[in-house]
Amino acid sequence: MSLLLLGPPERGAVWSGIFRAAGEELVLGEAAVADPAAITHLACWEPPADLGIYPNLRVVLSVGAGVDQMPALPAGVRLARTLAPGIEAMMRDWTVMAVLALHRDLPAYLEKARRGDWQPGTTLPASARRVGIMGMGRIGRLSAEALTGLGFKVSGWSRSGRPVASVTMHGEGELPRFLASTDILVCLLPLTDDTRGIIDGRLLAALPAGARFAHAGRGGHLDMVALRQALDSGRLTGAMLDVTDPEPLPAEHWLWRHPRAIVTPHVGAHTDAVEGARHALAVIDADRRALPLPGLVDPARGY
Ligand code: NDP
Ligand code: OXD
Numbered sequence: 020m021s022l023l024l025l026g027p028p029e030r031g032a033v034w035s036g037i038f039r040a041a042g043e044e045l046v047l048g049e050a051a052v053a054d055p056a057a058i059t060h061l062a063c064w065e066p067p068a069d070l071g072i073y074p075n076l077r078v079v080l081s082v083g084a085g086v087d088q089m090p091a092l093p094a095g096v097r098l099a100r101t102l103a104p105g106i107e108a109m110m111r112d113w114t115v116m117a118v119l120a121l122h123r124d125l126p127a128y129l130e131k132a133r134r135g136d137w138q139p140g141t142t143l144p145a146s147a148r149r150v151g152i153m154g155m156g157r158i159g160r161l162s163a164e165a166l167t168g169l170g171f172k173v174s175g176w177s178r179s180g181r182p183v184a185s186v187t188m189h190g191e192g193e194l195p196r197f198l199a200s201t202d203i204l205v206c207l208l209p210l211t212d213d214t215r216g217i218i219d220g221r222l223l224a225a226l227p228a229g230a231r232f233a234h235a236g237r238g239g240h241l242d243m244v245a246l247r248q249a250l251d252s253g254r255l256t257g258a259m260l261d262v263t264d265p266e267p268l269p270a271e272h273w274l275w276r277h278p279r280a281i282v283t284p285h286v287g288a289h290t291d292a293v294e295g296a297r298h299a300l301a302v303i304d305a306d307r308r309a310l311p312l313p314g315l316v317d318p319a320r321g322y
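Each position in the sequence shown, counted from 1, maps to that position plus 19 in the working numbering.
Shown next as structure tokens:
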């Protein structure tokens, strides 16, 4: 088996050492492919347009946690995503940062600070705020645990509504009830056919007046016009976004300068090269032994 890695040379250098030590074959970049028929695994963010030139390709591995950037793959080629403790921990940290910033009115204080306005508002304890997380997967669960530890009341919404310790869980059909009891909404969903555009005007209107919104899923989840209306009207008193549509967000975009919004440029997490290489080796090993692939994506669900 031979894995073709597409990506920056720094990642390639780290993967080379780890693959060499494991006795596995690694090809760095398409220009280095001597025999396309030897390539069985491809690791990349986005694959090349024509995967047909690799007749024995078995698995495409996203080097990130998300797979929405991946096109439909040729029949028989499976899709997996990178599972890495570092990605999950970094995303938990971004989520905690955003929830605390929104809880403690940071957008409003940053706006006042720009004007030199020393005008204190009311400070509430974490226990007074209900955080609702859409997407209770690996990242959602870790974030919920940290937020519960800080004293927030945490509820979650997922397709299955599978129970999570210390969290009030809601299944797919319970979205209205979940939203009505959420003061700070957090989106950690994958982008799929079912979740595209899910955060629209109707959803935002179902939150209690004055709610806050933290978004680290994907820009495609969110109707930006609806967000602007909700922020302008004060229905949302604050928003913090790591993902936008489009990305990069153009310098002249209204969101950068909205007094109730904070934007970070899709930096919630990045994949550590060592962890990424180890995950790729685990995928190859499982494939060789006909075991379930770690991070395998269900093509019907899209995540
Ligand atoms: P998981 O696959 O582990 O979890 C996905 C969660 O979303 C599950 O709880 C799943 O429900 C739920 N879900 C999926 N579809 C629906 C739906 N239609 N209705 C309700 N719930 C749904 O994903 P991760 O936690 O690892 O990652 C989540 C996303 O975070 C990634 O896909 C990516 O978009 C984003 N991300 C962003 C990064 C950034 O830098 N901003 C970095 C890394 C990830 P169930 O439990 O029932 O299956
Ligand atoms: C990812 C991301 O999916 O960086 O890993 O967004």
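Don't be surprised by glycine CBs; every beta carbon is placed ideally from N, CA and C.
What you are looking at is a predicted structure, and each value in this text was computed from that prediction instead of being measured.
Ignore the nearest five residues each way along the sequence and tell me which others in residue i's own chain have a CB closer than 6 Å to its CB.
i	result
G105	D291, E294
A249	L223, L255
M110	I158, G287, A288
L23	V46, I58, L61
A132	none
E44	S21
Y73	P55, I58
If you draw a straight line from the C-alpha of residue i to the C-alpha of residue j, how long is it?
i	j	result
P269	G42	45 Å
G159	H122	18 Å
P195	G151	12 Å
S19	G156	Since the displayed the chain opens at 20 and closes at 322, residue 19 lies outside it and no answer follows.
E49	A62	12 Å
G170	P278	28 Å
V82	R30	10 Å
E65	D212	19 Å
A147	V86	36 Å
S185	V262	28 Å
F38	A108	25 Å
L226	S252	14 Å
L274	A51	43 Å
D112	S162	8 Å
A309	L315	13 Å
L210	P318	13 Å
P182	R221	27 Å
Would residue i and residue j qualify as a contact pair, given that the criterion is a beta-carbon distance under 8 Å?
i	j	result
E256	R231	Reading off the sequence shown, one finds Thr at residue 256, where the question assumed Glu. It is a contact, given that the beta carbons lie within the stated cut-off.
P284	P311	no
L3	V282	Within the shown structure, residues of the chain are numbered from 20 to 322, placing residue 3 beyond reach of any answer.
M153	L208	yes
A258	V118	no
A280	V33	no
G236	P265	no
R134	D202	no
S179	G190	yes
A165	V115	yes
Kindly list the residues whose CB is nearer than 7 Å to the CB of residue i, restricted to its own chain and excluding five residues on each side of it in sequence; keep chain order.
i	result
T59	M20, S21, N75, L76, R77
I218	C206, H240, L241, D242
A228	R254
E130	P278
In its own chain, which residues sit with a C-beta less than 8 Å from the C-beta of residue i, not counting the 5 before and 5 after it?
i	result
L143	H122
P313	A99, L102, H298, A301, V302, A305
L70	L61, L76, V79, L92, P93, V96
Mind checking who residue i pairs with in its DSSP beta bridge?
i	result
H60	L22, V78
I281	M259
P45	The identity of residue 45 in the sequence shown is Leu, whereas the question assumes Pro. Beta-bridge pairing links L45 to L22.
L315	A99
Any chance the CB of residue i is under 7 Å from a heavy atom of ligand 4?
i	result
G36	Questions concerning ligand 4 fall outside what the structure shown contains, since the ligands it does hold are ligand 1 and ligand 2.
Beta strand (DSSP E) runs contained entirely in the segment 165–252, provided each spans 3 or more residues
You should have 172–176, 187–189, 203–206, 230–234.
Ignoring anything shorter than 3 residues, give me the beta strand (DSSP E) runs that lie fully in the segment 98–154, in order along the chain.
Entirely contained in the segment 98–154, the beta strand (DSSP E) runs reaching 3 residues are, in chain order, 149–153.
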